Ligand code: NDP
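In my numbering, the protein residues as written are 1082 to 1560.
This is the structure in structure tokens:
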């Protein structure tokens, strides 16, 4: 099967060239479906970060002065090359994180293109100079060098959501992707290079969060950190960045509720909800992992959910189809197994799946699509992000209790409502504390703001709002 050329995997992309790292540390890259090593990634250190930040700082001086038209032309060139390399991106994510190839193409790699459209439109609409009614002028300027830290679960989606607004606004940047998914990041750097991104404007340094991530967060020449990952790591980044008064934007975890009312099309809405929770093997920050069900349709929902989970196929990522793949590595597999055991010990009813690997998949980090019923919202399986194909079902008596349970979580990334009553949908949506509300299966559109309330984060990525974090405002008096 097709695989991207890994020549540059052990190198970093700095000042428009692939360079040998200063650090000698390396790590194997494993295919989670086969457990075989597919490559070796270098893990950078503070010196590697310094080298990349110096390059970015120098490049920023001239890139910040480019016109909007210049930057639009760059984004359009990036789009053309992204289209050309789409298959490489998809294959990279199949190999490094086990994304099944059909969804790797249609969702994981497609995000690189979809967000481009959103940012091109947003940049076209951006007013960089505003004449105020009081006679002053307000101008928008790039904030400076940005440190971008991304996770492994939607690798190109997250990279595009950060790198593209940096390029669009005139910022220079240093990207530290998850070292577990370095192949797609490498392909992305090659795309930017081929598209003619000026040397030093985009730099890539691989490495661990505690070494490279922390060095970025603490670096005096970085003005802004955009971080996506777990809430704990986001808090660490904020602490590290605080002494420099950096702007820190955080996109963090979730435990999103899905409110099922008896007045929805139960068969269709519940089946789709269960299948969507298992999508990407449950490794999505906004997965609807708490299914809250109105008591008077509870038994019917359990029956549909059980049937749907049994029909979810677990399969080889190299094969086309709508099956789910493995978890991304052994650490994640062990974490998911532990949480399934916790659910059993907490007394929840195991409706589908359970501990261990599916029978046909003794090799690879495959888990069984698992559902717990009769869960109460104070159980650990209802409160903690599991990040695997595990759904918990919680009954509620009425609308008020549904809203109370939905909001009773430290997170607030997304919420989902299934109802046939539009008045109810509007009423409930106004009371849910979440950055996005999806009604009856409506999905995310590229270009819309994405981000969370509470412990799920503090900013919005994508489209026009996604440009804001990368901009400073300067007020001109007397010009
Ligand atoms: P982590 O927080 O472990 O890692 C995310 C990134 O941060 C990695 O590159 C990681 O490096 C790095 N990192 C870790 N610790 C630090 C630190 N102290 N300083 C700087 N960087 C650090 O998350 P996961 O990779 O496990 O990703 C899953 C998490 O991401 C989930 O909680 C999920 O909900 C969240 N997420 C949120 C999204 C959103 O938009 N809200 C979207 C996608 C995921 P290393 O790999 O070395 O640890």
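For glycine and all other residues, C-beta sits at the position ideal for the given N, C-alpha and C.
Predicted model only: the values in this text are computed from it and were never measured.
Report, in whole angstroms, the separation of the C-beta atoms of residue 1341 and residue 1384, which I expect to be a contact under 8 Å. Not confirmed; about 13 Å, so no contact.
Can you tell me which of the three DSSP states residue 1257 falls into? strand
Apply the 10 Å Cβ neighbour rule to residue 1109 and answer buried if 16 or more other Cβ atoms are within range, or exposed otherwise. exposed
In angstroms with no decimal places, state the Cα-to-Cα distance between residue 1494 and residue 1135. 35 Å
Can you give me the start and stop residues for the beta strand (DSSP E) that residue 1307 sits inside? 1305–1309
Straight-line Cα distance separating residue 1449 from residue 1465: 19 Å
Is any heavy atom in the ligand NDP found nearer than 8 Å to the beta carbon of residue 1317? yes
Comparing C-alpha positions only, which one of 1284, 1213, 1232, 1410 sits nearest to residue 1140? 1284
Near residue 1453, which residues of its chain fall below 8 Å by C-beta distance, leaving aside the five closest residues on each side in sequence? 1424, 1429, 1430, 1431, 1432, 1462, 1471, 1472, 1473, 1474
Assuming residue 1203 and residue 1544 make a contact with CB atoms under 8 Å, what is their CB distance in whole Å? 5 Å
For residue 1164, does the count of other Cβ atoms within 10 angstroms reach 16, so buried, or fall short, so exposed? exposed
For residue 1307 and residue 1497, which I take to be in contact (beta-carbon distance under 8 Å), what is that distance rounded to the nearest angstrom? Rounded, the Cβ-Cβ distance is 26 Å, inconsistent with contact.
With C-beta atoms as the reference, is residue 1288 less than 9 Å away from residue 1327? no
Skipping 5 residues on each side, what residues in its chain have a beta carbon closer than 8 Å to that of residue 1111? 1117, 1118, 1119, 1410
Integer-rounded CB distance, given that residue 1239 should sit under 8 Å from residue 1232: 6 Å
Those runs of the alpha helix (DSSP H) which lie wholly inside the stretch 1344–1377 and span at least 4 residues: 1347–1359
What's the C-alpha gap between residue 1335 and residue 1537? 6 Å
Determine whether the beta carbon atoms of residue 1132 and residue 1272 lie at a separation below 9 Å. no
Cβ neighbours of residue 1279 in the same chain (closer than 7 Å, five flanking residues each side left out): 1140, 1144
Beta-carbon separation of residue 1527 and residue 1516 under 9 Å? no
The ligand NDP and residue 1261: does the residue's C-beta get closer than 8 Å to at least one heavy atom of that ligand? yes
Classify residue 1503 as buried or exposed, calling it buried when 16 or more other Cβ atoms lie within 10 Å of its own Cβ. exposed
Pull up the distance between the alpha-carbon of residue 1270 and that of residue 1514, whole angstroms please. 37 Å
Report whether the distance from the Cβ of residue 1257 to the nearest heavy atom of the ligand NAP is below 8 Å. As for the ligand NAP, it is missing from this structure, which binds only the ligand NDP.
Give a yes or no on whether the C-beta atoms belonging to residue 1276 and residue 1159 are separated by under 9 Å. yes
Straight-line gap, residue 1553 to residue 1325 (C-alpha atoms, nearest Å): 16 Å
Could you tell me whether the Cβ atoms of residue 1065 and residue 1555 are closer together than 9 Å? The question about residue 1065 has no answer, for the chain in this structure spans 1082 to 1560.
Quick one: residues in its chain with C-beta nearer than 7 Å to the C-beta of residue 1095, no 5 flanking neighbours on either side, listed in chain order? 1132, 1133, 1136, 1284
When we look at the beta-carbon of residue 1477 and count the other beta-carbons within 10 Å, is it buried (16 or more) or exposed? buried
Have a look at 1243, 1148, 1086, 1168 and flag the residue whose alpha-carbon is nearest the alpha-carbon of residue 1530. 1243
Give every residue of the same chain whose Cβ lies closer than 6 Å to the Cβ of residue 1209, excluding the five residues on either side of it in the sequence, and list them in chain order. 1221
Buried or exposed by the 16-neighbour rule on C-beta atoms within 10 Å, applied to residue 1560: exposed
How about residue 1138 and residue 1302: are their beta carbons less than 9 Å apart? yes
Under the three-state reduction of DSSP, which class applies to residue 1222: helix, strand or coil? strand
Quick check on the burial criterion: 16 or more other C-beta atoms within 10 angstroms. Buried or exposed for residue 1481? exposed
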